[in-house]
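Numbering (this note's numbering), first residue to last: 1 to 116.
And the structure:
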């Protein structure tokens with residue numbers, strides 16, 4: 001396995017970890033909000049019930065998790081582009097494979113090559 005292929009594989013693993021963390025953060029927020037709604041259904045004030053669920057902490061955890069996912073997605077694109085270009089794939093083929101414009105694919109290719 002080439003070095004660039006190994007890096008791409010590692011970045012996919014990191015993305016999978018970030019997705020798992022995001023899923024956990026979203027699920028924890030969902031559970032907390034469902035509990036708050038049940039309290040409200042039993043007569044508690046909705047605002048008080050939701051505030052008791054600590055929305056600031058939940059929001060920050062979800063935001064951090066989603067930011068990590070976006071960063072890992074970017075890393076996957078960059079490392080996969082590097083491996084694909086090394087294997088002879090064209091920027092046009094990459095853009096079609098990923099479903100975005102050739103211009104965006106060219107930017108990823110430039111980044112993958114280290115042409116900043």
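Here a beta-carbon is modelled for each residue, glycine too, at the ideal position from N, C-alpha and C. Remember, it's a predicted structure, so these values are computed and weren't measured experimentally.
How long is the line joining the alpha carbons of residue i and residue j, rounded to whole angstroms?
i           : j          : result
residue 50  : residue 39 : 9 Å
residue 89  : residue 19 : 28 Å
residue 83  : residue 96 : 16 Å
residue 42  : residue 78 : 51 Å
residue 100 : residue 14 : 23 Å
residue 56  : residue 37 : 17 Å
residue 65  : residue 29 : 12 Å
Does residue i pass the burial test, meaning 16 or more other C-beta atoms within 10 Å, or should it be called exposed?
i          : result
residue 48 : exposed
residue 31 : exposed
With distances taken between CB atoms, is the gap from residue i to residue j smaller than 8 Å?
i          : j           : result
residue 81 : residue 109 : yes
residue 25 : residue 61  : yes
Tell me which residues share the same chain as residue i and place their Cβ nearer than 7 Å to its Cβ, disregarding the 5 neighbours each side in the sequence.
i           : result
residue 46  : 40
residue 135 : In this structure the chain extends from 1 to 116, so residue 135 is not present and cannot be described.
Going along the chain, which residues of its own chain have a beta-carbon closer than 6 Å to the beta-carbon of residue i, five neighbours each way excluded?
i         : result
residue 2 : none
Excluding sequence positions up to five away, which residues of its chain have a Cβ less than 8 Å from the Cβ of residue i?
i         : result
residue 7 : 79, 82 and 83
Query raised in the report: At which residue ranges does the region 12-86 contain complete beta strand (DSSP E) runs of 3 or more residues, listed in the order of the chain?
Result: The beta strand (DSSP E) runs of length 3 or more contained entirely in the region 12-86 do not exist; there are none.
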